[in-house]
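Numbering (the working numbering) for the sequence shown: 33 to 210. Below: one structure, written as structure tokens.
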Amino acid sequence: TGKPKGVMIRHKSLVAFLAWRINDYQLTAKDHISCHSSFSFDASVYDLFAPLVLGAQLHIISEEMRQNMQELYQYIYKQQIADALFSTQFGMELINQFDIPLKSITLGGEKLKPVKKTDAMLVNAYGPTEFTICSSYHIVDQEKEGDIPIGKPVANSWAYIVDGNNNLMPIGVAGELC
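Next up, the structure:
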């Protein structure tokens, strides 16, 4: 709609999200983690809180550097950034242009298409703001996947497929994702 919205997120939802992110990404206090997202976007919560909880280094990427792939790549390399989140289109282009030395890279916001193979754990993330940033994720098998799914629910959450009347659908039958 183009109208800004505010979404109330419960603290326990954020705690559950952080527990999943830190555990599944194997983040530690020694990691350098970037914040590429604008603070007006819910993805900034994805970037900001894990390093703060861990005592890891948080690297807030400047507005100018966010748009300059060459400069961003050099910064990631020099600062030994281990983990980063990017919008799908930006991240796909970054991966295809550079050999990104990240431990993990998460892309979200649009359908992820196959990209140049990277040594990083490549994660396709999906989720509306109302779910506390990320509701499902898929670790991409870069050797064989062509049609990349949105994956499984993050830890401590569930996903259901329902019909127009909110009745559960059988496995393999299309419906609404809840």
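Ideal Cβ placement from N, Cα and C applies to all residues, glycine included.
Secondary structure at T138, three-state DSSP: helix, strand or coil?
strand
Beta-carbon separation (whole angstroms), E142 vs Q121, contact threshold 8 Å:
6 Å
Considering just the uninterrupted stretch of the beta strand (DSSP E) at I171, what are its terminal residues?
S168 to I171
CB of L212 within 8 Å of CB of I137, strictly
Here the chain has residues from 33 to 210 only, and residue 212 is not among them.
Grab the span of the beta strand (DSSP E) containing I92 for me, first residue to last.
The continuous beta strand (DSSP E) containing I92 extends over residues Q89 to I92.
Inspect the beta-carbon positions of A157 and C166 and report whether they are closer than 8 Å.
A contact, by the Cβ cut-off of 8 Å.
Please work out which residues of its chain come closer than 8 Å, Cβ to Cβ, to I54, disregarding the five sequence neighbours upstream and downstream, and give them in chain order.
A82, V85 and L86
Among I41, L134 and S69, which has the Cα closest to the Cα of Y57?
L134
Proximity of H170 and F118 at Cβ, strictly below 8 Å:
no
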